[in-house]
Structures are given as structure tokens and as C-alpha cells.
Amino acid sequence: GPEWQGQALDWLRADLRAWQERPRSDAEAVASALRQWKADPDLAGVRVAAGLPDGWRALWADVDALLARAGESGAR
Numbered sequence: 234g235p236e237w238q239g240q241a242l243d244w245l246r247a248d249l250r251a252w253q254e255r256p257r258s259d260a261e262a263v264a265s266a267l268r269q270w271k272a273d274p275d276l277a278g279v280r281v282a283a284g285l286p287d288g289w290r291a292l293w294a295d296v297d298a299l300l301a302r303a304g305e306s307g308a309r
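For what it's worth, this note's numbering labels the leading residue of the sequence shown as 234, then goes sequentially.
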């Protein structure tokens, strides 16, 4: 229900903050972890954009932004 989704969002947001703070030298580890989030079947129900609360849409937008940044720094 909504209560576990709220707690899960808080946990993932905290994890994402930790990944955002990793140095650029960890770009591959960051990208690998976030790609797992995007493929994890347990998170499928909160990845589909239709009908998701704004907090979830914002989380996945931030995940995509960090993935793009990690990909850029990993390619250099």
C-alpha cells in the first residue's frame, strides 16, 4: 500500500543521495547500481510512469540524470 511505497521512496532517495556524493572515479559503480534499480523486478510497480505520485517520477528523473552523468564521466 501507500505506506510501504512512502518508506521505499525515502530509502531509495537516501541511497540515491549517497550515490550522488560518490567521486567521479566511482562512475562505473554508480552506473551499475542504478542500472540494477531500473531492471529490478521488485521496483517494477514504482517505475511505470502512468499514475505514479510525483515523488516517484522525480526519483526516476534524478536516477536518469545521474546515470547520464556517470556515463559521461565514465567515458572520459
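All C-beta atoms in this analysis are idealised placements derived from N, C-alpha and C, irrespective of residue type, glycine included.
Values in this document were obtained by computation on a predicted structure and should not be read as measured data.
Burial state of residue i, where buried means 16 or more other Cβ atoms lie within 10 Å
i           : result
residue 244 : exposed
residue 283 : exposed
Inter-residue Cα distance where the pair is residue i and residue j
i           : j           : result
residue 287 : residue 258 : 31 Å
residue 236 : residue 289 : 14 Å
residue 266 : residue 238 : 20 Å
residue 249 : residue 299 : 9 Å
residue 285 : residue 240 : 15 Å
Residue i in three-state terms, based on DSSP
i           : result
residue 283 : coil
residue 236 : helix
residue 256 : coil
residue 273 : coil
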